[in-house]
Amino acid sequence: MSLIHRYQNNGYNIVLDINSGCIHLVDDVTYEVLPLMEEGLGSQEITEKLSGRFSAEEIGTSLSECTKLKEEGMLFTRDVYENAVSEFSGQRQTVVKALCLHIAHDCNLACRYCFAEEGEYHGRRALMSFETGRKALDFLIAGSGSRRNLEVDFFGGEPLMNWQVVKDLVAYGREQEQIYNKKFRFTLTTNGVLLNDEIMEFCNREMGNVVLSVDGRREVHDYMRPFRRGAGSYDLVMPKFQKLAELRHQDRYYVRGTFTRRNLDFSRDVLHLADLGFRQISMEPVVAPEDADYAIREEDIPRILEEYDILAKEMIAREKAGRGFNFFHFMIDLTGGPCVYKRLSGCGSGTEYLAVTPWGDLYPCHQFVGEERFLMGNVDEGITNPEVREEFAGCNVYTKEACRNCFARFYCSGGCAANAWHFQGDLRGNYEIGCVLQRKRVECAIMIKAALAE
Amino acid sequence: MEHIKTLNTKNLQNTLKKGGCGECQTSCQSACKTSCTVGNQSCEHK
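If you're matching them up, the sequences are chains A and B in order. Here this note's numbering is used: the first residue of the first sequence is 888, the next is one more, and so on. Here this note's numbering is used: the first residue of the second sequence is 10, the next is one more, and so on.
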């Protein structure tokens, strides 16, 4: 497979050296020279092939620059990670460091695309008791080994429907972190219906991140996120989200939406949120059964790719005008970012990251909750089905056929296991529509960096 | 260089030596929950 990914976007010729992560902006001659060089052609052959379009001198100097970068390990770098990663994952003790607590399997909205089926996750309505939550935190501390930073997301359904338990668990966690020298990072995902001043104040004190579910324009939001009786929720939640974002100084939160095939012009929803003053924005493609009328279809892909381009260009313009915002899926850190182990081993579902149901059952992640095949144990007995953990531990970009040859493998890290399972019935499979969109987002994210580096 | 402008000189291979501490944020705890966004998480030791 190719060791580089080259593409053109917004007037830039961009070359990603896949295995080193180096990114090069190249001129037209170099853009043509590189694939020929990779094919193994010599300088004379390359010069001949490109002679009608570029001068011999241009081709010659381009070739010497490419050769220099190659010698410096910044171009045509080989993939040396496969053995390192399998050795590493074989040696590293399996620990749990993050839990998604399903504080409430109930919801006060009836969002059409909810994978939790209005909060019920193919099961019954239920609220997590403090006792179950406490055991979950104990399980996390006991299973975390030497890891210090532990994460707990209060998720649902709608977690504010069980707010007292959230507060009590935070208090319990703060007490335990002193005893065990751990640091809890609490996060909350909410639809905002029950948000009030007291909750905002608590969140600002205790929650490292708050995810606020909102889909963008009023008509889009109200159609997909109605109350059970059909009324829209936009007017109720939006002012509260704006207030919370301001109270958090436009940091450590996301307004997080979902777009569907009903709003393929989703860049307008993102920009709507930006126009309302939000600076931390996420908007994800819906993941839905193929027969759902709002599900994204293969035929929608060109339009979605175009939307990402529109959004990227607008973000550049706004950034240059001093009113930029973050779009979660275009965030890319070219100077820091995760180490290669993290990049290759994926999201940690089923190993480091587990979901806990209101009655204390453990699943590989929030998206597997309710699927008995993936029940891993419970907070009383711990992991009783280690085979599931082993299955997840064995997933990485080298054990997934579709990832091995994908240029974006160091950015998505093998994709979402739940999507792979739901679309292909195989944890080592892939969700192709998601992959195409992911690759586009990586391309846009890099292009934005290029444009802002000028 | 006249033909090539390199945006970053970070080499992923360097992170083989001292990476893997596992202290960084789990991606689904940030904002995704339905996609996988490991690459945009930040390193605890940055």
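For every residue, glycine included, the Cβ atom is placed at its ideal position computed from N, Cα and C. Note that the structure is predicted; figures quoted are calculated from it, not measured.
Within 8 Å, strictly: CB atoms of residue i and residue j
i: Arg1184 (chain A); j: Arg1148 (chain A); result: yes
i: Leu1056 (chain A); j: Arg1012 (chain A); result: no
i: Leu903 (chain A); j: Ser930 (chain A); result: no
i: Phe1042 (chain A); j: His989 (chain A); result: yes
i: Val1052 (chain A); j: Met1094 (chain A); result: no
i: Lys1327 (chain A); j: Leu1192 (chain A); result: yes
i: Val983 (chain A); j: Leu1231 (chain A); result: no
i: Lys955 (chain A); j: Phe963 (chain A); result: no
i: Gly1010 (chain A); j: Gly1257 (chain A); result: yes
i: Gly960 (chain A); j: Asn20 (chain B); result: yes
i: Gly1079 (chain A); j: Val1124 (chain A); result: yes
i: Val1323 (chain A); j: Ile1188 (chain A); result: yes
i: Ala1289 (chain A); j: Asn1317 (chain A); result: yes
i: Thr1076 (chain A); j: Gly1247 (chain A); result: no
i: Cys37 (chain B); j: Ser1300 (chain A); result: no
Candidates the options, of which the one nearest residue i by Cα
i: Tyr1141 (chain A); options: A:Arg1115, A:Glu1277, A:Leu1024, A:Val1157; result: A:Val1157
i: Gly1302 (chain A); options: A:Phe1310, A:Tyr1285, A:Gly1321, A:Gly1312; result: A:Gly1321
i: Gln22 (chain B); options: A:Asn896, A:Glu944, A:Glu969; result: A:Glu969
i: Glu1239 (chain A); options: B:Lys27, B:Glu32, B:Lys42; result: B:Glu32
i: Asn900 (chain A); options: A:Asn906, A:Ser907, A:Ile891; result: A:Ile891
i: Ala997 (chain A); options: A:Glu1045, A:Ala943, A:Leu1024; result: A:Glu1045
i: Ser1033 (chain A); options: B:Leu16, B:Cys30, B:His12; result: B:Cys30
i: Ile1168 (chain A); options: B:Lys19, B:Thr18, B:Glu11, B:Ser39; result: B:Ser39
i: Val972 (chain A); options: A:Val1284, A:Tyr1318, A:Ala1337, A:Cys1331; result: A:Val1284
i: Phe1073 (chain A); options: B:Thr46, B:Lys42, B:Gln34; result: B:Gln34
i: Thr917 (chain A); options: A:Asn906, A:Thr948, A:Gly939; result: A:Thr948
i: Arg1139 (chain A); options: A:Phe1215, A:Ala1179, A:Glu1005, A:Asn1068; result: A:Phe1215
i: Pro1245 (chain A); options: A:Asn1265, A:Phe1261, A:Gly1233; result: A:Asn1265
i: Ser1154 (chain A); options: A:Gln1311, A:Asp1196, A:Glu1330; result: A:Asp1196
i: Leu1345 (chain A); options: A:Tyr1121, A:Leu1262, A:Ala1182; result: No answer is possible for residue 1345 (chain A): the residues shown for chain A start at 888 and end at 1341.
i: Leu25 (chain B); options: A:Val1173, A:Val1227, A:Glu1274; result: A:Val1227
i: Thr43 (chain B); options: A:Glu1171, A:Gly1211, A:Leu1221; result: A:Glu1171
i: Gly1119 (chain A); options: A:Gln1325, A:Asn995, A:Leu923, A:Arg1190; result: A:Asn995
i: Tyr1008 (chain A); options: A:Ser1300, A:Gln1254, A:Met1048; result: A:Gln1254
Inter-residue Cα distance where the pair is residue i and residue j
i: Val1101 (chain A); j: Asp1109 (chain A); result: 9 Å
i: Gln1065 (chain A); j: Glu1085 (chain A); result: 25 Å
i: Phe1297 (chain A); j: Met888 (chain A); result: 15 Å
i: Ser51 (chain B); j: Glu932 (chain A); result: 44 Å
i: Cys909 (chain A); j: Lys1127 (chain A); result: 42 Å
i: Asn1272 (chain A); j: Leu1131 (chain A); result: 41 Å
i: Arg1035 (chain A); j: Cys987 (chain A); result: 17 Å
i: Ala1029 (chain A); j: Gly1269 (chain A); result: 10 Å
i: Gln1063 (chain A); j: Glu1133 (chain A); result: 31 Å
i: Met1087 (chain A); j: Leu1249 (chain A); result: 29 Å
i: Ala1340 (chain A); j: Cys953 (chain A); result: 21 Å
i: Glu944 (chain A); j: His12 (chain B); result: 12 Å
i: Ile905 (chain A); j: Cys1282 (chain A); result: 20 Å
i: Asp1267 (chain A); j: Asp1178 (chain A); result: 39 Å
i: Arg1115 (chain A); j: Glu1005 (chain A); result: 9 Å
i: Phe1002 (chain A); j: Lys1069 (chain A); result: 32 Å
i: Thr1145 (chain A); j: Gly927 (chain A); result: 45 Å
i: Val913 (chain A); j: Phe1026 (chain A); result: 52 Å
i: Glu1259 (chain A); j: Phe1217 (chain A); result: 35 Å
i: Gly1060 (chain A); j: Val47 (chain B); result: 26 Å
i: Glu974 (chain A); j: Gln980 (chain A); result: 12 Å
i: Arg1112 (chain A); j: Leu1221 (chain A); result: 36 Å
i: Arg1315 (chain A); j: Glu1186 (chain A); result: 25 Å
i: Tyr1000 (chain A); j: Gln1129 (chain A); result: 24 Å
i: Asp915 (chain A); j: Val967 (chain A); result: 30 Å
i: Glu1274 (chain A); j: Phe1310 (chain A); result: 22 Å
i: Glu53 (chain B); j: Pro1225 (chain A); result: 8 Å
i: Leu923 (chain A); j: Ser907 (chain A); result: 20 Å
i: Leu1081 (chain A); j: Gln978 (chain A); result: 46 Å
i: Arg1291 (chain A); j: Leu1262 (chain A); result: 29 Å
Cβ-Cβ separation, residue j to residue i (assumed contact under 8 Å), whole Å
i: Cys1252 (chain A); j: Ala1175 (chain A); result: Actually they do not touch by this definition, with Cβ atoms about 17 Å apart.
i: Val1367 (chain A); j: Ala1023 (chain A); result: The structure shown has nothing for residue 1367 (chain A), since chain A only spans 888 to 1341.
i: Asn1150 (chain A); j: Val1107 (chain A); result: 5 Å
i: Ala1335 (chain A); j: Ala1199 (chain A); result: Per the sequence presented here, residue 1335 (chain A) reads as Ile, with Ala not at that position. Indeed, because the Cβ distance is near 6 Å, the residues count as touching under 8 Å.
i: Phe1279 (chain A); j: Ser1236 (chain A); result: 6 Å
i: Val1173 (chain A); j: Ala1182 (chain A); result: 7 Å
CB contact check: residue i to chain C, cutoff 8 Å
i: Leu956 (chain A); result: Absent from the structure: chain C. Protein chains present are A and B.
Within 8 Å of chain B by C-beta, residues of the segment 1218-1244 of chain A in sequence order:
Cβ proximity to chain B below 8 Å picks out Met1218, Ile1219, Asp1220, Leu1221, Thr1222, Gly1223, Gly1224, Pro1225, Cys1226, Val1227, Tyr1228, Lys1229, Arg1230, Gly1233, Cys1234, Gly1235, Ser1236, Glu1239, Tyr1240 from the segment 1218-1244 of chain A.
Give the residues from the segment 934-950 of chain A that approach chain B closer than 7 Å (Cβ to any Cβ), ordered along the chain.
For the segment 934-950 of chain A, the beta-carbon criterion of a distance under 7 Å to any beta-carbon of chain B is satisfied by Thr948, Ser949.
Taking Cβ-Cβ distances below 8 Å as the criterion, which residues of the segment 1084-1116 of chain A are in contact with chain B?
Residues of the segment 1084-1116 of chain A with a C-beta atom less than 8 Å from some C-beta of chain B are Asn1096, Val1098, listed in chain order.
Would you list, in chain order, the members of the segment 1007-1037 of chain A that have their beta-carbon closer than 7 Å to a beta-carbon of chain B?
Under the 7 Å Cβ criterion, the segment 1007-1037 of chain A contributes Arg1034, Arg1035, Asn1036.
Could you list the residues in the segment 981-995 of chain A with a C-beta less than 8 Å from some C-beta on chain B, going in chain order?
Cβ contacts with chain B come from Val982, Lys984, Ala985, Cys987.
Chain B contacts made by the segment 1294-1318 of chain A, where a contact means CB separation under 9 Å
Against chain B - using a Cβ distance shorter than 9 Å - the residues of the segment 1294-1318 of chain A are Ala1295, Phe1297, Tyr1298, Cys1299, Ser1300, Gly1301, Gly1302, Cys1303, Ala1304, Ala1305, Asn1306.
Mind checking the segment 1066-1082 of chain A against chain B and listing, in chain order, the residues whose C-beta falls within less than 8 Å of any C-beta there?
Against chain B - using a Cβ distance shorter than 8 Å - the residues of the segment 1066-1082 of chain A are Arg1072, Thr1074, Thr1076.
Using a beta-carbon distance cut-off of less than 9 Å, what residues from the segment 1200-1218 of chain A approach chain B?
Under the 9 Å Cβ criterion, the segment 1200-1218 of chain A contributes Phe1215, His1216, Phe1217, Met1218.
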